[in-house]
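Listed in order, the protein sequences are those of chains A and B. Note that this note's numbering numbers the first sequence so that position 54 is 54, with each residue one more than the last. Note that this note's numbering numbers the second sequence so that position 20 is 482, with each residue one more than the last. Glycine included, each C-beta is placed from N, C-alpha and C at the ideal position. Computed from a predicted structure; not experimentally measured. To start, the structure under review is shown below, and the notes come after it.
Number of protein chains: 2
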Amino acid sequence: MSYFDAASAAPLHPVARQALLAALDDGWADPSRLYREGRKARMLLDAAREAAAEAVGCRADELTFTSSGTRAVHTGVAGALAGRRRTGRHLIVSAVEHSSVLHSAELLEAEGGAVTRVPVLRTGAVDAGSYEAALRPGTALACLQSANHEVGTVQPVAEVAEVCRAAGVPLLVDAAQSLGWERVAGDWSLLTASAHKWGGPSGVGLLVVRKGVRFAAQGASDERESGRAAGFENLPAIVAAAASLRAVRSEAERESVRLRELTARIRARVAESVPDVEVVGDAERRLPGIVTFSCLYVDGETLLHELDREGFSVSSGSSCTSSTLTPSHVLKAMGVLSEGNVRVSLPAGAAEADVDRFLEVLPGAVAGVREKLGAPVPVAAVQAAVQEDVLVVDALGKRCPIPVIELAKVIGTVPVGGRVRVLSDDEAARLDIPAWCEMRGQRYEGEQAAERGTAYLVRRLT
Amino acid sequence: MSYFDAASAAPLHPVARQALLAALDDGWADPSRLYREGRKARMLLDAAREAAAEAVGCRADELTFTSSGTRAVHTGVAGALAGRRRTGRHLIVSAVEHSSVLHSAELLEAEGGAVTRVPVLRTGAVDAGSYEAALRPGTALACLQSANHEVGTVQPVAEVAEVCRAAGVPLLVDAAQSLGWERVAGDWSLLTASAHKWGGPSGVGLLVVRKGVRFAAQGASDERESGRAAGFENLPAIVAAAASLRAVRSEAERESVRLRELTARIRARVAESVPDVEVVGDAERRLPGIVTFSCLYVDGETLLHELDREGFSVSSGSSCTSSTLTPSHVLKAMGVLSEGNVRVSLPAGAAEADVDRFLEVLPGAVAGVREKLGAPVPVAAVQAAVQEDVLVVDALGKRCPIPVIELAKVIGTVPVGGRVRVLSDDEAARLDIPAWCEMRGQRYEGEQAAERGTAYLVRRLT
Numbered sequence: 001m002s003y004f005d006a007a008s009a010a011p012l013h014p015v016a017r018q019a020l021l022a023a024l025d026d027g028w029a030d031p032s033r034l035y036r037e038g039r040k041a042r043m044l045l046d047a048a049r050e051a052a053a054e055a056v057g058c059r060a061d062e063l064t065f066t067s068s069g070t071r072a073v074h075t076g077v078a079g080a081l082a083g084r085r086r087t088g089r090h091l092i093v094s095a096v097e098h099s100s101v102l103h104s105a106e107l108l109e110a111e112g113g114a115v116t117r118v119p120v121l122r123t124g125a126v127d128a129g130s131y132e133a134a135l136r137p138g139t140a141l142a143c144l145q146s147a148n149h150e151v152g153t154v155q156p157v158a159e160v161a162e163v164c165r166a167a168g169v170p171l172l173v174d175a176a177q178s179l180g181w182e183r184v185a186g187d188w189s190l191l192t193a194s195a196h197k198w199g200g201p202s203g204v205g206l207l208v209v210r211k212g213v214r215f216a217a218q219g220a221s222d223e224r225e226s227g228r229a230a231g232f233e234n235l236p237a238i239v240a241a242a243a244s245l246r247a248v249r250s251e252a253e254r255e256s257v258r259l260r261e262l263t264a265r266i267r268a269r270v271a272e273s274v275p276d277v278e279v280v281g282d283a284e285r286r287l288p289g290i291v292t293f294s295c296l297y298v299d300g301e302t303l304l305h306e307l308d309r310e311g312f313s314v315s316s317g318s319s320c321t322s323s324t325l326t327p328s329h330v331l332k333a334m335g336v337l338s339e340g341n342v343r344v345s346l347p348a349g350a351a352e353a354d355v356d357r358f359l360e361v362l363p364g365a366v367a368g369v370r371e372k373l374g375a376p377v378p379v380a381a382v383q384a385a386v387q388e389d390v391l392v393v394d395a396l397g398k399r400c401p402i403p404v405i406e407l408a409k410v411i412g413t414v415p416v417g418g419r420v421r422v423l424s425d426d427e428a429a430r431l432d433i434p435a436w437c438e439m440r441g442q443r444y445e446g447e448q449a450a451e452r453g454t455a456y457l458v459r460r461l462t
Numbered sequence: 463m464s465y466f467d468a469a470s471a472a473p474l475h476p477v478a479r480q481a482l483l484a485a486l487d488d489g490w491a492d493p494s495r496l497y498r499e500g501r502k503a504r505m506l507l508d509a510a511r512e513a514a515a516e517a518v519g520c521r522a523d524e525l526t527f528t529s530s531g532t533r534a535v536h537t538g539v540a541g542a543l544a545g546r547r548r549t550g551r552h553l554i555v556s557a558v559e560h561s562s563v564l565h566s567a568e569l570l571e572a573e574g575g576a577v578t579r580v581p582v583l584r585t586g587a588v589d590a591g592s593y594e595a596a597l598r599p600g601t602a603l604a605c606l607q608s609a610n611h612e613v614g615t616v617q618p619v620a621e622v623a624e625v626c627r628a629a630g631v632p633l634l635v636d637a638a639q640s641l642g643w644e645r646v647a648g649d650w651s652l653l654t655a656s657a658h659k660w661g662g663p664s665g666v667g668l669l670v671v672r673k674g675v676r677f678a679a680q681g682a683s684d685e686r687e688s689g690r691a692a693g694f695e696n697l698p699a700i701v702a703a704a705a706s707l708r709a710v711r712s713e714a715e716r717e718s719v720r721l722r723e724l725t726a727r728i729r730a731r732v733a734e735s736v737p738d739v740e741v742v743g744d745a746e747r748r749l750p751g752i753v754t755f756s757c758l759y760v761d762g763e764t765l766l767h768e769l770d771r772e773g774f775s776v777s778s779g780s781s782c783t784s785s786t787l788t789p790s791h792v793l794k795a796m797g798v799l800s801e802g803n804v805r806v807s808l809p810a811g812a813a814e815a816d817v818d819r820f821l822e823v824l825p826g827a828v829a830g831v832r833e834k835l836g837a838p839v840p841v842a843a844v845q846a847a848v849q850e851d852v853l854v855v856d857a858l859g860k861r862c863p864i865p866v867i868e869l870a871k872v873i874g875t876v877p878v879g880g881r882v883r884v885l886s887d888d889e890a891a892r893l894d895i896p897a898w899c900e901m902r903g904q905r906y907e908g909e910q911a912a913e914r915g916t917a918y919l920v921r922r923l924t
């Protein structure tokens, strides 16, 4: 098996495993107790905090261990908003943040606050100017990921931190995807991360709140972790998290070069060997191990199953692989194709031979899925009829990628300059039809409400 | 070393360790993913939930894994209160609940809700009638521990559940101290527990919400754990928690008999071999492994250090061992002596020989501390002066157990029927002077505000 989904969870680093085992013996007692076992636990906790703080580049007393990266974000956002409640209740986030940040933003809206979602370029990156424009007198907090978890694009954190600093607004950086590689540059105010993304155990997140940042922890609390993470410390896992962060950092320089070459190879080879594919994300400013592409006329779930059968574990932002039947909010915000989406995220140590085998297998897997989906739908069977000067394709009730497949099948049957109107009630079509037009050099002319679903208008240009 | 503080945290059960190691290899991936590693993780998570639900006696879909017992309580109380917001904002708790419950109650008060703290008998037990009397039309929730964490007294949960059920009020049971021994009896509505109390790993709590109980999770959430515990599941630890719960349950019947005999031995022998000691808690309705006693004229912290030097790890509810300089709220609510307090909580498997050695060492350790504290304070040096018919002892600025020691030194110098007035600004004196009177057969006549601190009035009867 080749596990290529490190952006979801990385397998445990050997150093983490070793540290965890040692700490299970020495670090199970309550670190607030005065007896021998408690003092030993306290020493381990203090040492882990020092090590993690050193890796982050902060003071040990600015760093709290939480029970997950998600919990770190929820606590960090809520605490920072409450700490600046008097300033106002306006929050700025990018449109491509992790769901934990977006859920925090939705909670603020539900409680009467306001949220600005900063749009991104087609690469997935925000522009510091957009953050500057979003700042207003009542802005309590801004959030920006260090790098995107779905497409790997690195964000201009230092620049955004600067515009926030100039306006006196704290910036919370979700560093979940990048902290294992390097410190976050720039003058940020809060930082969150998650150990199981860098090869540490699950059950440990980091929340860093810089001295001087107003912060009021919300909900019930206790005396542990400066009142920011209630409950008995998950000490063996914390020890393992800190030890593995040091370990992956010591390997990061060499390993990042190696993975970057492998993902560059995937970017290039997929574009060559798979027809009708869009490789997404920034080609240069990106994380070493993540590469994402979308394949026209492909059902993401079926493709994932095919790849799983071939021994490759990858994830997808396609609507058909989510329980909500909506495509990934990241791909949506970028305006890129979501159908047949595949994210490859290589764990540290991923073997070159496995990557090469993936590149061998992929074109056939994509072709196989396309054949299954496309072949049994002869052009004649497409529900299309010319109404006035418009060819209408009725794709109602059909799920991604069928509406785009049907559009592609009929576009050649209208004259250049003619129009196709695709009726669809699939949420993914709203993203994928414009993306298809962009890829195919056709003109997308917008959507209209229809009797059922939505009508998407496409003019044939080529 | 003999670790006798299982009520804080139990060392990892061998089964937990084994399950954890296995799950580190098989259960690190995201259980929501469709590929092989994800499916394996999902199977482990489902099996752990089934096993834990079986041990609790609930349906698997009623059980949520949280990141700690404290988190389970915070989430459970907040969710249950919000779910019955329309009914009212009144909460009932016992005065001897774990701090996680009391912190939740304080949060409700800070937000404008009302809390009734049900008093306890001198044994530490509540009376079901007191809960019944506390119920009112706006009561949203009642909380009661299954057994007390400081003195081991078992609470009448089934009776309290019945009076709550009759009033249509859900009862949340904090079963942290007892779930490893047995299911919680009675018709409760919510239940919480903590794995590291039964020999599971830290980082895992349980929250059970019975079907039909109104519940609205508070704060930001995600799609994991029915929206009740956001963030990546701490799967290896969850697997270890469930496996060890099964394991300790299979040993519980035999082990509880054995530990109960050992703690009964401690109860009897301490009362015989240590002068001026009060063994607290219910002698019959109690947990198998916990026994707690308080020693007059002893500084708890010094005694803990002495015992630690002898190789015994125990905890204390004395004020001098807490960072806030206030005695344990449990001892306070029971009205028993808090000075020189020692809690012995035996882990499963505790050796009889270690208990016997503890009983050998204890009298000398107590005597040593008393000598250090008492010997250097000759009667002549006590700041006492007869004013009218009252002997005034000035213990201002002196910490527990000095005020009680000075009272004890002078009581013989006033005639029977005469009075002593102890001036003290130590919070523990409020509890310990009445407790001393109770133990010594003297009459406590109440307190008065003094120019500095508080004056405690004692009449000599014997």
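Find the nearest neighbour of residue i within the set the options, judged by alpha-carbon distance.
i      : options                        : result
B/R747 : B/R498, B/T924, B/T585         : B/T585
A/G152 : A/A450, A/R343, A/C437, A/T462 : A/R343
B/P476 : B/P599, B/V555, B/F466, B/P663 : B/P663
B/A857 : B/R832, B/E723, B/D888, B/L486 : B/D888
A/A220 : B/W490, B/H536, B/A628         : B/H536
B/A604 : B/T526, B/Q910, B/L553         : B/L553
B/T916 : B/P863, B/E900, B/V855, B/D488 : B/V855
A/E445 : A/A48, A/W198, A/R459, A/S67   : A/R459
A/I411 : A/K372, A/L457, A/E111, A/C295 : A/L457
A/K211 : A/R370, A/K409, A/L63          : A/L63
A/D356 : A/A268, A/G88, A/G112, A/E106  : A/A268
A/L45  : A/A29, A/A55, A/V56, A/G57     : A/A29
A/F65  : A/L81, A/A80, A/A47            : A/A47
B/S706 : B/W660, B/D738, B/P698, B/W643 : B/W660
B/G575 : B/L543, B/P581, B/F466         : B/L543
For residue i, list the residues DSSP reports as bridge partners.
i      : result
A/D5   : A/S345
B/V671 : B/L652
B/T526 : B/L669
A/T153 : A/R286
A/Y456 : A/V422, A/E447
A/L172 : A/C143, A/L190
Take the Cβ of residue i as the centre, count every other Cβ of all protein chains shown within 10 Å, and call the residue buried at 16 or more, exposed below.
i      : result
B/E687 : buried
B/Q904 : buried
A/P376 : Model confidence at A/P376 stands at a pLDDT of 36, short of 50, so the residue's coordinates are unreliable; what they give is reported in the following sentence. Classification for A/P376: exposed.
A/E150 : buried
B/R861 : buried
A/V257 : exposed
B/T924 : exposed
A/G417 : exposed
A/P11  : buried
Inspect the beta-carbon positions of residue i and residue j and report whether they are closer than 8 angstroms.
i      : j      : result
A/R36  : B/M463 : yes
A/A464 : A/E251 : Any property of residue 464 of chain A remains undetermined from this structure, which presents chain A solely from 1 to 462.
A/L362 : A/V270 : yes
B/S777 : A/R33  : yes
A/L171 : A/W188 : yes
A/D174 : A/Q145 : yes
B/R546 : B/A602 : yes
B/T754 : B/L808 : no
At what residue ranges does the stretch 669-724 of chain B contain a whole run of the beta strand (DSSP E), taking only runs of 3 or more? As far as the stretch 669-724 of chain B is concerned, it has no whole beta strand (DSSP E) run of at least 3 residues.
Return the chain-ordered ranges of every alpha helix (DSSP H) run that is complete within the stretch 388-414 of chain A and spans a minimum of 4 residues. 402-411
Which ranges does the alpha helix (DSSP H) cover as unbroken runs of at least 4 residues, wholly within the stretch 265-339 of chain A, from first to last along the chain? 300-309, 329-334
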